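Take any residue in the sequence shown, note its place counting from 1, add 556, and you have its number in the working numbering.
So the structure is just underneath, and the comments pick up after that.
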Amino acid sequence: MPALTGHTEMAREGIRHLGYPEYFGIMLTICKVLGAIVLIMPKLPKRLKEWTYAGFTFDFIFAAGIIYAVEGLHAATLFPLIVLFVLMISYCSFHKLEEMPKTMHYETQKM
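Here it is as structure tokens:
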């Protein structure tokens with residue numbers, strides 16, 4: 557969502573409220589968009605995808621931590637952890653697809 561809403565006044569205020577400078581939100585938006593592109597592109601190197609998953613994992617863990625430090629425990633604190641759970645499902649699926657023989661990839665694409 558930050559990629560879609562990162563330039564609204566509400567998003568800027570949220571970044572300031574958490575104690576970050578405004579340019580941090582812009583950098584975070586750019587990195588998340590590039591990371592999302594890496595994850596959906598099928599033929600990129602496995603190592604690049606691994607680093608992208610690691611980056612998103614750190615991002616969501618630190619997001620939950622900083623929200624907890626500033627606002628305490630409530631629904632906004634849990635949201636990054638829920639997204640992290642979805643990311644972990646994607647990560648496990650990525651590895652299952654990597655384990656499949658290459659012929660199975662081509663057979664499923666024909667159907």
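Where is the CB? At the ideal position from N, CA and C, for every residue including glycine.
Just so it is clear, the structure is predicted and the values come from calculations on it, not from any experiment.
Assign residue i to one of three DSSP states: helix, strand, or coil.
i      : result
Tyr719 : Outside the shown range of the chain, which is 557 to 667, sits residue 719, and nothing can be said about it.
Gly581 : helix
Lys668 : Given a span of 557 to 667 for the chain in the structure shown, any question on residue 668 remains unanswerable.
What does the alpha-carbon distance come out to for the pair residue i and residue j?
i      : j      : result
Tyr647 : Ala610 : 10 Å
Met656 : Arg568 : 44 Å
Thr564 : Met644 : 29 Å
Ala620 : Tyr576 : 15 Å
Ile669 : Met583 : The displayed coordinates of the chain run from 557 to 667. Any statement about residue 669 would go beyond what the structure contains.
Please name the residue, chosen from the options, that lies closest to residue i on a Cα-to-Cα basis.
i      : options                           : result
Phe650 : Leu604, Ala620, Ile571 and Gly621 : Leu604
Pro636 : Thr613, Ile645 and Leu590         : Thr613
Under 8 Å Cβ to Cβ from residue i, same chain only, skipping five residues before and after it: list those, please.
i      : result
Ala632 : Ile623
Looking only at its own chain, which residues have a Cβ that is under 7 Å from the Cβ of residue i, when we skip the five neighbours before and after it?
i      : result
Val594 : Leu600, Leu604, Lys605 and Thr608
Skipping 5 residues on each side, what residues in its chain have a beta carbon closer than 6 Å to that of residue i?
i      : result
Val639 : Phe616
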